[in-house]
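See below for the structure under consideration.
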Amino acid sequence: CSAERVIEGGSLRTGRTTSCGCFRIEQVRKAARTHGATRTRLHRIWGNMLHRCRNENDTRWKDYGGRGISVCARWHSFVAFAEDTGQPPIGTSLDRIDNNKDYEPGNVRWATPKQQQRNMRSNRLITFQGHTYTIAEWSEQLGIVSSTLRKRLDRGWSVERALSTVGKGNRWH
427 CSAERVIEGG SLRTGRTTSC GCFRIEQVRK AARTHGATRT RLHRIWGNML
477 HRCRNENDTR WKDYGGRGIS VCARWHSFVA FAEDTGQPPI GTSLDRIDNN
527 KDYEPGNVRW ATPKQQQRNM RSNRLITFQG HTYTIAEWSE QLGIVSSTLR
577 KRLDRGWSVE RALSTVGKGN RWH
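Numbering-wise, the sequence shown is residues 427 to 599 according to our numbering.
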């Protein structure tokens, strides 16, 4: 550090003094640091999760804490949250697998925007031949435009007819 201090020779010989003081300051800093991840993406995600579940002034409160969604006690610690979830892959965000359950181990994943969209409470789930998917997923699987499927169902078509009728574009709706 290039600092100069006058130290008694005996203090140096006995090891009572080992540096100008910088070493001690650095040790205090290290001891005060809990995880060293305060400005990371994972830490922001963790903080936002806690905020929307705990703070009534958060703009998303009504969809989280306001409807009873909470964070498990273990995840009140950032270190525990980081251990359980790992780092978020690029292009993903934190998603609750079951939207009616809390943020807790076993109910969260790192999801792509597409996965997030398909896991919203507002999605319409359609069950046909033992499989349950969103309209968007049925659309992809069957090659039918999603707006066509939605209109068919809104007009009272049975699920079987809506998913089984093949047509070009929106001609059949």
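The beta carbon of each residue, even a glycine, is placed where N, CA and C say it ideally should be.
Assigned secondary structure, R587 (DSSP; H/G/I helix, E/B strand, else coil)
Against the sequence shown, residue 587 aligns to sequence position 161. Correct three-state label for R587: helix.
For T558, which three-state DSSP category applies?
The sequence position of residue 558 within the sequence shown is 132, counting from 1. Here T558 sits in strand by DSSP.
By a C-beta neighbour count over all protein chains shown, 10 Å radius and 16 as the cutoff for buried, is A537 buried or exposed?
For this step, residue 537 is matched to residue 111 along the sequence shown. Around the beta carbon of A537, a 10 Å sphere encloses 16 or more other beta carbons of the protein chains shown; the residue is thus reported as buried.
Would you say M475 and L520 are within 8 Å of each other, going by their C-beta atoms?
As a working mapping, residue 475 is identified with position 49 in the sequence shown. As a working mapping, residue 520 is identified with position 94 in the sequence shown. Yes, they are a contact pair.
Look at the alpha carbon of S590 and the alpha carbon of Q541, and state the distance between them as a whole number of angstroms.
Within the sequence shown, the letter at position 164 stands for residue 590. Within the sequence shown, the letter at position 115 stands for residue 541. The C-alpha of S590 lies about 25 Å from the C-alpha of Q541.
Option nearest H469 by Cα separation, candidates A508, C448, S496:
Locating residue 469 in the sequence shown gives position 43, counting from the first residue. The residue with the shortest Cα to Cα distance from H469 is A508.
Using a 10 Å radius around the Cβ and a threshold of 16 neighbouring Cβ atoms, would you call T574 buried or exposed?
Working through the sequence shown from its first residue, we reach residue 574 at position 148. T574 should be labelled buried.
Given a cut-off of 8 Å, decide if D528 and V497 are closer than it, judged by their beta-carbon atoms.
Against the sequence shown, residue 497 aligns to sequence position 71. Against the sequence shown, residue 528 aligns to sequence position 102. Contact annotation: V497 and D528 have beta-carbon atoms nearer than 8 Å.
Quick check on the DSSP output: the alpha helix (DSSP H) that includes R576 runs from which residue to which?
Mapped onto the sequence shown, residue 576 falls at position 150. Unbroken alpha helix (DSSP H) run through R576: 572-580.
Enumerate, from N- to C-terminal direction, the unbroken beta strand (DSSP E) stretches of 3 or more residues contained entirely within the segment 476-524.
Within the segment 476-524, the complete beta strand (DSSP E) runs of at least 3 residues fall at 519-522.
Contacting residues, own chain, Cβ-Cβ under 6 Å from P515 (five flanking each side not counted):
One-based indexing of the sequence shown puts residue 515 at position 89. Cβ neighbours of P515 beyond the five flanking positions: W536.
Pull up the CB-CB distance for R478 and Y490, whole angstroms please, since I reckon it's below 8 Å.
Counting from one through the sequence shown, the residue named residue 478 turns up at place 52. Counting from one through the sequence shown, the residue named residue 490 turns up at place 64. Yes, R478 and Y490 are in contact; Cβ-Cβ is about 4 Å, under 8 Å.
If you count every other CB in all the chains shown that lies within 10 Å of the CB of A429, and 16 or more means buried, which is it?
Residue mapping note: residue 429 aligns to position 3 of the sequence shown, counting from 1. With fewer than 16 Cβ atoms within 10 Å of its Cβ, A429 is classed as exposed.
Through-space distance from T444 to I451, alpha-carbon basis:
Translated into the one-based positions of the sequence shown, residue 451 becomes position 25. Translated into the one-based positions of the sequence shown, residue 444 becomes position 18. Within the model, the alpha-carbon separation for I451 versus T444 is close to 12 Å.
Identify whether I433 lies in helix, strand or coil by the three-state DSSP scheme.
One-based indexing of the sequence shown puts residue 433 at position 7. I433: coil per DSSP, three-state reduction.
May I ask you to list the residues that DSSP assigns as paired with I451?
Position 25 of the sequence shown holds residue 451. Note: I451 sits in no beta bridge, so no partner.
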